Amino acid sequence: MSAVETRLAELGLTLPEVVPPLAAYQPAVQTGVYVYTSGQLPMVEGKLPVTGKVGAEVTAEEAKDLARVCALNALAAVKSVAGDLDRIARVVKVLGFVASATDFTGQPGVINGASELLAEVLGEKGVHARSAVGVAVLPLDAPVEVEVQVELVP
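Using our numbering, you'd call the opening residue of the sequence shown number 296 and step up by one each time.
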């Protein structure tokens, strides 16, 4: 088991299977020393545990937990092309989308769920640049979607 996966286990987490694509794309691609994930939904065992808009059907705290799931799914996607999560030199950028009720403005707090997970698992390597964007709707009525860009050790 890699050091990263050992750390996940210490946190009580297990790296899930890669979420199969919902359309015509790959979960992650590598170019040079970079891996770009596709947007990861908070799928757990093949389904969304919660659907709806944050600030309406879904609370900000629930959405923050779902963003953690998205980040965990993104790590699985990275491993699928990098082979070993210990190859991560650093997380470069996280882009988070939050399906938001019209008056919800807490998108950064929601995406903190993903950012905090990456820092807990990877330490300084997990600290990154980030955008958190509110949107009207996400695929399958998911409350949150996260994509991650990482740099690998050559």
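A virtual CB, placed ideally from N, CA and C, is assigned to each residue, including glycine. Computed from a prediction, not measured in an experiment: that's the story for all the values here.
Practice item. Could you name each continuous beta strand (DSSP E) segment of 3 residues or more that falls completely within the segment 339-424, going from the start of the chain to the end? Key: 383-394
Exercise for review: Assign Gly429 to one of two classes, buried (16 or more other C-beta atoms within 10 Å of its C-beta) or exposed (fewer than that).
Suggested key: In the sequence shown, residue 429 corresponds to position 134, counting from 1. By the neighbour-count rule (16 or more Cβ atoms within 10 Å), Gly429 is buried.
Exercise for review: Please name the residue or residues paired with Gln321 in a DSSP beta bridge.
Suggested key: Counting from one through the sequence shown, the residue named residue 321 turns up at place 26. Looking at the DSSP assignment, Gln321 forms no beta bridge with any residue, so it has no partner.
Check your understanding: What separation, rounded to the nearest whole angstrom, lies between the Cα atoms of Val330 and Ala366?
Key -> Along the sequence shown, read from residue 1 onward, the residue named residue 330 stands at position 35. Along the sequence shown, read from residue 1 onward, the residue named residue 366 stands at position 71. Near 14 angstroms, if we compare the C-alpha coordinates of Ala366 and Val330.
Review point. So the beta strand (DSSP E) Leu310 belongs to, where does it begin and stop?
Key: Your numbering for residue 310 matches position 15 in the sequence shown. Run containing Leu310: none; DSSP gives neither H nor E here.
Check your understanding: Do the segment 326-341 and the segment 299-310 meet, that is, are 3 or more Cβ pairs less than 8 angstroms apart?
Key -> No: the two stretches stay apart, fewer than three of their Cβ pairs being nearer than 8 angstroms.
Review point. Which value, in whole angstroms, describes the spacing of the CA atoms of Ile454 and Asn407?
Key: No statement about residue 454 is possible, as the shown extent of the chain runs from 296 to 449 and does not include it.
Exercise for review: Return the Cβ separation of Val328 and Leu413 in integer angstroms, given the expectation that the two are a contact with Cβ distance under 8 angstroms.
Suggested key: Walking along the sequence shown from the start, residue 328 turns up at place 33. Walking along the sequence shown from the start, residue 413 turns up at place 118. With 8 angstroms as the limit, Val328 and Leu413 do not qualify as a contact, their Cβ atoms being about 18 angstroms apart.
Point to revise | Spatial distance of Leu370 from Ala427 (CA atoms) | key: One-based indexing of the sequence shown puts residue 370 at position 75. One-based indexing of the sequence shown puts residue 427 at position 132. Cα to Cα, the separation comes out at about 19 angstroms.
**Study point:** Boundaries (first-last residue) of the alpha helix (DSSP H) holding Leu303
**Key:** Reading the sequence shown from its first residue, position 8 is the one you call residue 303. Element bounds for Leu303: 298-305.
**Study point:** Nonlocal neighbours in the same chain, by C-beta distance under 7 angstroms from Gly401, ignoring five residues either side
**Key:** For this step, residue 401 is matched to residue 106 along the sequence shown. Ala355.
Point to revise | Nearest neighbour of Val405, chosen from Glu357, Glu415, Ala351, Thr309 [CA to CA] | key: Here the question's residue 405 lines up with position 110 in the sequence shown. The shortest Cα separation from Val405 among Glu357, Glu415, Ala351, Thr309 belongs to Glu357.
Review point. Mind checking Glu419: buried by the 16 CB within 10 Å criterion, or exposed?
Key: As a first step, residue 419 must be located in the sequence shown, where it is residue number 124. Burial call: exposed.
Check your understanding: Exposed or buried, Lys342, counting other C-beta atoms within 10 Å across all chains shown (16 or more means buried)?
Key -> The residue you call residue 342 lines up with position 47 of the sequence shown. Flag for Lys342 reads exposed.
Check your understanding: Can you pull the DSSP bridge partners for Val432?
Key -> Residue numbering aside, residue 432 sits at position 137 when the sequence shown is read from its first letter. In the DSSP output, where bridge partners are listed per residue, Val432 has none listed.
Practice item. Look up Val445 in the DSSP assignment and give the residues it is bridged to. Key: The sequence position of residue 445 within the sequence shown is 150, counting from 1. Partner(s): Val330, Val386.
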